[in-house]
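A.B. asks:
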């Protein structure tokens with residue numbers, strides 16, 4: 001099966017998983033963690049990762065301060081009134 005929109009991320013989990021019930025106003029039951037990644041230039045980025053309930057059962061536990069690798073898809077939300085992409 002061909003997969004489109006695949007992404008991988010390697011970094012350090014900065015937070016413990018936190019349950020949430022919506023993402024930018026869209027109702028979805030999931031968990032949220034923040035991952036810090038470092039570019040080759042030395043600059044750091046923070047990535048907000050949301051894990052759906054169905055996927056959560058297949059994962060090892062995340063703990064703050066531990067290196068993690070996640071694979072999934074990139075998804076953005078758009079405010080259709082303003083036309084801006086929400087973060």
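In the numbering used here, the protein residues as written are 1 to 87.
All C-beta atoms in this analysis are idealised placements derived from N, C-alpha and C, irrespective of residue type, glycine included.
Values in this document were obtained by computation on a predicted structure and should not be read as measured data.
May I ask which residues mark the beginning and end of the alpha helix (DSSP H) holding residue 54?
C.D. replies: Where residue 54 is concerned, the enclosing alpha helix (DSSP H) stretches over 53-56.
A.B. asks: Between which two residues does the beta strand (DSSP E) holding residue 32 run?
C.D. replies: Unbroken beta strand (DSSP E) run through residue 32: 26-38.
A.B. asks: Going straight from the alpha carbon of residue 78 to that of residue 85, what length do you get?
C.D. replies: If you take the alpha carbons of residue 78 and residue 85, they lie about 4 Å apart.
A.B. asks: What residue range does the beta strand (DSSP E) around residue 8 cover?
C.D. replies: Unbroken beta strand (DSSP E) run through residue 8: 6-13.
A.B. asks: Going by DSSP, what residues sit across from residue 47 in a beta bridge?
C.D. replies: DSSP lists 35 as partners of residue 47.
A.B. asks: Spell out a yes or no on whether the region 24-33 and the region 3-10 are touching, meaning 3 or more CB-CB pairs, one atom from each, closer than 8 Å.
C.D. replies: These segments do not touch.
A.B. asks: Give a yes or no on whether the C-beta atoms belonging to residue 21 and residue 64 are separated by under 9 Å.
C.D. replies: Going by C-beta atoms, residue 21 is not nearer than 9 Å to residue 64.
A.B. asks: In the DSSP assignment, find the beta strand (DSSP E) that holds residue 42 and state where it starts and stops.
C.D. replies: Premise fails: residue 42 is in no beta strand (DSSP E) and is neither H nor E.
A.B. asks: Can you have a look at residue 13 and say buried or exposed, based on whether 16 or more other CB atoms are within 10 angstroms of its CB?
C.D. replies: Classification for residue 13: buried.
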